[in-house]
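A short write-up of the structure that comes next.
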Amino acid sequence: VRNFVIANRTLANAEALAGKLDGTGIELSGITSHLPSTDILIASTASPLPILGK
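Shown next, in the form of structure tokens:
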């Protein structure tokens, strides 16, 4: 893996984690603009409902 993006509800949290792993942090609301260039998507949430759809 050369490049990866961490998405979170808050940009600060995404950037904090991404910075530790040499990645890029974005707000979760902006994830759809990254999907066309995404090879692998891993989602982790406590939500009982899906947060991503087709």
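One gets this note's numbering by counting positions in the sequence shown from 1 and adding 4 to each. The beta carbon of each residue, even a glycine, is placed where N, CA and C say it ideally should be.
query, result
"Return the residue from the list Ile35, Asp43, Leu39 that minimises the CA-CA distance to Val5.", "Asp43"
"Going by beta-carbon coordinates alone, are Ile55 and Gly29 separated by less than 8 angstroms?", "no"
"Could you say which of Ser51, Asn17, Thr49, Leu25 lies nearest to Asn7 if we only look at CA atoms?", "Leu25"
"Our contact map puts Leu39 next to Asn12 with C-beta atoms below 8 angstroms; I'd like the distance itself, whole angstroms only.", "The Cβ separation is near 16 angstroms, so there is no contact."
"DSSP state of Asn17, grouped into three classes?", "helix"
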